[in-house]
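In the working numbering, the protein residues as written are 3 to 638.
Glycine included, each C-beta is placed from N, C-alpha and C at the ideal position.
The structure under discussion appears below in the form of structure tokens.
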Ligand SMILES: Nc1nc2c(c(=O)[nH]1)N[C@H]1C(S)=C(S)[C@@H](COP(=O)(O)OP(=O)(O)OC[C@H]3O[C@@H](n4cnc5c(=O)[nH]c(N)nc54)[C@H](O)[C@@H]3O)O[C@H]1N2
Ligand SMILES: Nc1nc2c(c(=O)[nH]1)N[C@H]1C(S)=C(S)[C@@H](COP(=O)(O)OP(=O)(O)OC[C@H]3O[C@@H](n4cnc5c(=O)[nH]c(N)nc54)[C@H](O)[C@@H]3O)O[C@H]1N2
Ligand SMILES: [Mo]
């Protein structure tokens, strides 16, 4: 655990004071900005970094105060597809339609495994998997769409196992069936645009060839589409299985379209928009602070959720010219492990003039950092997070209490970030906000609540019932219409339909991954020790038919080769994966270093994501193929 600021001296680190760290970092940063402009400072906010209200607020504010737009976000290896589809269809990236689990009769889960991952994404359904199962016990139906027969599929009424990355075609086929069978039910058609265009598109499709492309039985697709449309209440949900591939934005669009044409939006048992008293206005969330969004310098991709794609970061560091990133802050993330092609990012990180990592430990991604700054642990933070709570499926807000003391001499990471901003001669939030509570209070002002009011209710504040209708209200009051067939997405779909025939990978396999209960992406298993991977025993799982076809022995090492890297893994029989698919767990292989002596304190397994190339992305979301990357498998 890092508990004091540490400065790199040669290949070791020495402990320093906060004063020295802030003095030296700000002096160097000032020189770099004077020479290269503010965009030279980049920020990568990882998943824990972005979920820490205080840390995210003050790291984002540092870049805003300096005028840098070089923000790289977790969304590009997670949920960008959802935000892009929301922007195109609902006019704002922040319109997230949550599942009303407790009244649903038909769950269609696409690329989600809540039995392990629980039920939260950009939206929170507390204990959602338990609540979903309660519905199943009461007779609700569950259809799981996943190339692997997952822990969730074990509870399902039916399981479809399409080829990875083809969900958009499956959804288009379902929409086509619903249009052909006259099962469309469009509520509020005065608030919906381009419905006719979607129906015309559907009528041009051939369900049999779409099903063949996904490699699922046509009759099952037809049956599921009709049953879904006829169910009293129903919802289709996607998660990372679809979002973390090349078809993510199309799948998000067509899932929402499927829900919309079967009357599942903003009704009980369907998908609804949360709008609780403490939810601050959508327009505020969507407005970029450092000016209008502009395409990235090297690849020309537009930011999503205010951030560029992590896949672009190596190029932005290594390509000379105005705006080149020479200083980087990684806050609560492990992008060399959790992002695509970590070997390329690792090489680029070595070329930075100034590299600061804020984390609990020095991990793989922080190997080359000039400064290691201690992060406060979630058990040490006392915070109210109105933003996260605005995505609750009920109007419920609760303070999280610190239950452990912060190590002596350590200050919270947000305070380090504030002091660093001030040392740069600017103020975070233009001086209007000094503490995380100030920020929370500002956000909750419309509800007449303060952070202390929330703290006064240790078991949380329930501000009413779950209510529906906010989505249609939002459209009405903002004067926009839901777009059922957005032109950007339609264009992408047409391209995919044209190249569909060439989309087969021949003898190649496509890789997917799996989460473990006791791991959180690349961490937690290390510190809790709850889940271990014996050294050198990383596996790749194939079904029996594929193992027979390859003629390779189970338990032996195989060479797994992608376009950009090769790994040596042990071949394992995994009867849960469909033919043509290989399962390699993500999250292993991240070293933990002991900064004072430079030793490696921990390492298990190997880095799976080095196989994923960072150049092939969903063009709208900037997401790489964490799922669906083609690889070949051969004997060593
Ligand atoms: N225990 C535990 N819980 C977690 C996490 C963790 O690491 N550990 N991570 C948290 C985080 S950060 C997130 S974002 C959420 C994610 O929550 P989920 O999205 O539910 O995550 P997964 O469990 O990975 O489920 C994704 C499923 O998609 C399938 N899949 C892969 N490719 C495709 C495809 O092309 N099409 C379809 N239809 N399916 C596909 C995979 O086989 C997998 O079963 O979970 C959160 N919860
Ligand atoms: N192949 C494959 N790749 C994936 C996924 C997958 O399913 N398959 N999942 C993707 C998803 S959904 C996500 S969200 C990303 C995650 O991507 P990242 O967030 O970049 O990576 P993590 O592995 O979660 O690493 C989190 C880091 O945060 C640190 N940390 C923990 N708590 C705190 C804190 O309170 N403050 C600070 N400052 N640091 C903290 C940990 O020590 C660790 O170093 O990975 C993505 N990558
Ligand atoms: Mo995630």
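Residues near residue i by beta carbon distance below 6 Å, same chain, minus five either side
i           : result
residue 261 : 238, 267 and 273
residue 185 : 231
residue 201 : 181
residue 52  : 58 and 76
residue 360 : 333, 375, 377 and 415
residue 79  : 312 and 341
residue 195 : 483 and 485
residue 74  : 46, 309, 310, 312 and 315
residue 603 : 594 and 596
residue 37  : none
residue 607 : 535, 540, 590 and 591
residue 513 : 584, 586, 631 and 633
residue 14  : 600
Residue burial classification, residue i (beta-carbon count within 10 angstroms, cutoff 16)
i           : result
residue 674 : In the structure displayed, the chain extends from 3 to 638; residue 674 sits before or after that span and is not available.
residue 366 : buried
residue 405 : exposed
residue 551 : exposed
residue 479 : exposed
residue 443 : buried
residue 286 : The pLDDT assigned to residue 286 is 48, lower than 50, so where the model puts this residue is not dependable; a value taken from the coordinates is nonetheless given after this. Classification of residue 286: exposed, given that the 10 Å Cβ count is below 16.
residue 167 : buried
residue 381 : exposed
residue 497 : exposed
residue 626 : buried
residue 527 : buried
residue 584 : buried
residue 628 : buried
residue 335 : buried
residue 156 : exposed
residue 446 : buried
residue 270 : exposed
residue 423 : buried
residue 103 : buried
residue 436 : exposed
residue 383 : buried
residue 644 : Limits of the chain in this structure are 3 at one end and 638 at the other, which puts residue 644 out of reach.
residue 128 : exposed
Own chain residues within Cβ distance below 7 Å of residue i, not counting five before or after
i           : result
residue 297 : 303 and 304
residue 131 : 116, 117, 120 and 121
residue 41  : 70, 71, 72 and 325
residue 295 : 304 and 305
residue 159 : 143, 144 and 145
residue 220 : 209, 210 and 213
residue 290 : Low confidence applies here, because residue 290 scores a pLDDT of 47, under 50, leaving its location unreliable; read the following figure in that light. So the list reads 308, once near-sequence residues are dropped.
residue 619 : 311, 313, 625 and 626
residue 169 : 112, 113, 147, 244, 249 and 253
residue 288 : Because residue 288 carries a pLDDT of 42, less than 50, the predicted location of this residue cannot be relied on, and the following value inherits that uncertainty. Cβ within range, chain order: 94, 95 and 96.
residue 554 : 560, 573 and 637
residue 64  : 419, 422, 423 and 430
residue 547 : 581
Cutoff 9 Å: residue i Cβ touching any chain D Cβ
i          : result
residue 75 : Among the chains of the structure shown, chain D does not appear; only one protein chain is present.
Contacts around residue i, its chain only, beta-carbon distance under 8 Å, and the 5 residues preceding and following it disregarded
i           : result
residue 492 : 199 and 203
residue 22  : 7 and 9
residue 20  : 7, 413, 418 and 421
Residue i: CB within 8 Å of a non-hydrogen atom of ligand 5
i           : result
residue 614 : By its list of ligands, the structure shown excludes ligand 5, since it contains just ligand 1, ligand 2 and ligand 3.
State whether the stretch 382-392 contacts the stretch 346-361, with contact taken as three or more CB pairs (one from each stretch) at a distance under 8 Å. Short answer: they don't touch.
Around ligand 3, Cβ to any heavy atom closer than 6 Å, ordered along the chain: Going by the Cβ distance cut-off, the answer is 49 and 80.
Meets three-Cβ-pair contact criterion under 8 Å: the stretch 472-486 and the stretch 583-600: The stretch 472-486 makes no contact with the stretch 583-600, as fewer than three CB pairs between them are under 8 Å.
Within the stretch 54-109, note down every full alpha helix (DSSP H) run reaching 4 residues or more, in order along the chain. The qualifying runs are 55-68 and 82-92.
Inspect the CB distances between the stretch 15-33 and the stretch 49-62 and report whether three or more fall short of 8 Å. Cβ pair count under 8 Å is below three, so no.
Mind pulling the alpha helix (DSSP H) runs of 4 or more residues that sit fully within the stretch 130-170? Taking 4 residues as the minimum length, the alpha helix (DSSP H) runs contained wholly in the stretch 130-170 are 130-139, in order along the chain.
Quick check for students: name the residue ranges of the alpha helix (DSSP H) that lie wholly in the stretch 195-248, counting only runs of 4 or more. Restricting attention to alpha helix (DSSP H) runs no shorter than 4 residues, the stretch 195-248 encloses them at 197-205, 209-216, 220-232 and 242-245, ordered along the chain.
Is the stretch 577-585 touching the stretch 598-618, taking contact as three or more C-beta pairs under 8 Å? The stretch 577-585 vs the stretch 598-618: no contact.
Across the stretch 627-634 and the stretch 553-565, are there enough close Cβ pairs to call them in contact, namely three or more that are closer than 8 Å? Touching, per the Cβ criterion.
So within the stretch 352-425, which uninterrupted alpha helix (DSSP H) runs reach at least 4 residues, ignoring any that extend past its ends? Runs found: 388-391 and 415-425.
Identify every run of the alpha helix (DSSP H) within the stretch 456-481, keeping only runs that are complete inside it and at least 4 residues long; order them along the chain. If only complete runs of 4 or more residues are kept, the stretch 456-481 shows the alpha helix (DSSP H) at 472-480, in order along the chain.
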